[in-house]
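Q:
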Amino acid sequence: MEVMDEVSWNSIISGYMQWGQVEKAWELFEEMPIRRNVICWTAIINVYGKERDFVEMLSLFRQMLVSVDDVQPNSVTMRGLLEKEIA
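Residue numbering for the sequence shown follows our numbering, starting at 17 and increasing by one per position.
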């Protein structure tokens, strides 16, 4: 079996998000054996946005900023946060 890359991990997380399986998405995010990039972080933040859990979204955003992954938000991350807060 081939090793999964960021695209594979993010696709599965997004799939869990579409089916409302937040806990499964979070478990998968936690299990990722690869460095989490901005796409990974944005995907998991959006899982909680879809569930309208704004407190957790902001908590994850803060975690992203101080993570060992050394990730900075991009325009997609910021747009997701702002859209959920405004909606």
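We put the CB at the ideal spot given by N, CA and C, even for glycine.
Measuring straight from C-alpha to C-alpha, what distance separates F27 and R78?
A: Checking the displayed sequence, the identity of residue 27 turns out to be Ser instead of Phe. C-alpha separation (whole angstroms): 23 Å.
Q: How close, in whole Å, do the beta carbons of V38 and Y64 come, if the pair is a contact with beta carbons under 8 Å?
A: 7 Å
Q: Quick one, which of S30, R52, L76 and W35 has its alpha-carbon nearest I61's?
A: Shortest Cα-Cα distance from I61 to any of S30, R52, L76 and W35 involves L76.
Q: How about L97 and L74: are their beta carbons less than 9 Å apart?
A: Yes, the Cβ-Cβ distance between L97 and L74 is below 9 Å.
Q: Let's test the definition: count the other Cβ atoms within 10 Å of the Cβ of W35 and tell me whether it reaches 16, buried, or not, exposed.
A: exposed
Q: What is the DSSP secondary structure of M48, counted as helix, strand or coil?
A: coil
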